[in-house]
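What follows is a set of notes on a single structure, which appears directly below.
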Amino acid sequence: MTFTQTYQKRIAALVMVVAMGFGFFSTLFVQPINAQVETNQLSEELLQMPEEQLRQMLIVLIMQLLQQISALQIQAVTNVVNESELKGEQDNNIATQNVHDKRSDKEDTKAVKCSINASKSVVQLGDRFEVDWYTDLANPSIIDNSGERGVKNSGERKYVAKELGSQRYAIGSSKHGIACSVEVEVVGLDAPAKINSFEAKLDGRSDKLSPYLFFLWNVSNVTSCSIIMNDGLLFSDLPSNSGKLLSRYDANEKYNVDFKKNNEIELRCQATNTRKDSTVREFKNVYMGADYNESYKSEYKGYIDERLFITTQNITKKEAYENCEKNADNNPDSELRCTWGGKLIYTNYDGKG
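Numbers 337 to 689, taken from my numbering, label the letters of the sequence shown in order.
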């Protein structure tokens, strides 16, 4: 083989390699080239071509390959730019939505009107004060120490300071939460609670048929007072200095407490400063003669085997008891009980009362 033939064979092989490479890129990224031939056939044809023709073919193939590579680079850059523009547009949309949301939140906040005020910012334990409010919230509620309750859009409430420390009062709703609030500072006194005077006695208007008890008291540094008679509560949440008149009928019918010959009366008061001795007491005894107890009349009822057999108005307790006992003797095989003034005075279930 001559030198010329060997050189021509090398050029032909180079042309074939470039052509195969060009075909590989074309198949993956671009449209296939117009003339595709089998590898064996291409090799034979290239070997028979003149040297100059092989050179020209090699130059053309290399130029086409470079053009395809350049086109692919441009396409890749274009894709990156498009993706960047799309992401930028999405970011702009998100930012716009956030601005809109913030603007809506501000508009909602601006739309809410709420004010609440207390008549006193500092009060002593036991003092009374008022809280008033105005709001345009839908379905507003007031929140205080006792919980949450629905209220009108404007109004006022009266309070008594019962706990030491800062007490918060607020207006709000389930949608907006607490819209406005006010705090009241409740302070105590260092001075101890004191009962200055206490009287419990029969009132001058009393008679044998209708006795009255009169209570009068004066106290210092207390929140409230109660009156207890014969271990039964008569009055509670009483003011510091006042008086009360109680008839025997009211004691029996309203408070379920009966007058006795010797009545123990207790005045019990809660101290203003609960951090100190919280309760003060004073006792009085009011003696009522036999005439008051024996002359008082009330309603009498008798039951045999749980069936009402007698009802008598305006009868003394002694008369009612004697009548019930007589009926029990006449009905030894029956269960009998009797009441006077609404209270059980006799039963043969477990002995006489």
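The beta-carbon is built from N, C-alpha and C at its ideal position, and this holds for glycine as well.
Computed from a predicted structure; not experimentally measured.
Assign residue i to one of two classes, buried (16 or more other C-beta atoms within 10 Å of its C-beta) or exposed (fewer than that).
i      : result
Gln649 : exposed
Val593 : buried
Asn557 : buried
Val396 : exposed
Asn684 : buried
Ala289 : The chain is shown from 337 up to 689; residue 289 falls before or after that span and cannot be answered.
Ala527 : exposed
Lys511 : exposed
Ser482 : exposed
Ser578 : exposed
Ile507 : buried
Whole-angstrom Cβ separation of residue i and residue j, contact assumed at under 8 angstroms?
i      : j      : result
Ala474 : Ser509 : 6 angstroms
Gln606 : Ser560 : 6 angstroms
Tyr636 : Leu582 : Tyr636 to Leu582, Cβ: 23 angstroms. No contact.
Arg673 : Tyr639 : 5 angstroms
Taking just the CA atoms, how far does residue j sit from residue i?
i      : j      : result
Asn566 : Glu658 : 25 angstroms
Gly462 : Lys449 : 32 angstroms
Ser477 : Phe465 : 19 angstroms
Asn599 : Lys654 : 20 angstroms
Val518 : Lys494 : 14 angstroms
Thr647 : Lys596 : 24 angstroms
Ile564 : Leu570 : 6 angstroms
Glu618 : Asp669 : 50 angstroms
Ala664 : Arg584 : 29 angstroms
Asn666 : Arg643 : 16 angstroms
Ala497 : Gly540 : 38 angstroms
Ile514 : Thr675 : 57 angstroms
Gln460 : Asp480 : 18 angstroms
Leu402 : Gln389 : 20 angstroms
Leu500 : Ala656 : 53 angstroms
Glu671 : Ile601 : 37 angstroms
Lys456 : Lys633 : 52 angstroms
Thr652 : Ser542 : 18 angstroms
Ser576 : Ala536 : 16 angstroms
Who are the near neighbours of residue i in its chain, counting only those whose CB is closer than 6 angstroms to its CB and skipping five residues on each side?
i      : result
Trp553 : Phe534 and Leu603
Val467 : Ala454, Arg493 and Tyr505
Val616 : Ala529, Ile531 and Cys605
Asp472 : Lys449
Apart from the five residues just before and just after residue i, which ones in its own chain have a Cβ nearer than 7 angstroms to its Cβ?
i      : result
Val458 : Glu521 and Val523
Arg485 : Ser477 and Ile478
Ser562 : Leu569, Phe571, Ser572, Leu574 and Arg604
Val487 : Pro476, Ser477 and Ile478
Excluding the 5 residues flanking residue i on each side, which residues of the same chain have their C-beta closer than 8 angstroms to its C-beta?
i      : result
Leu538 : Pro547, Tyr548, Leu549, Phe550, Val622 and Met624
Asn489 : Tyr470, Thr471, Asp472, Leu473 and Pro476
With three or more beta-carbon pairs closer than 8 angstroms as the criterion, would you say the segment 672–679 touches the segment 582–599? yes
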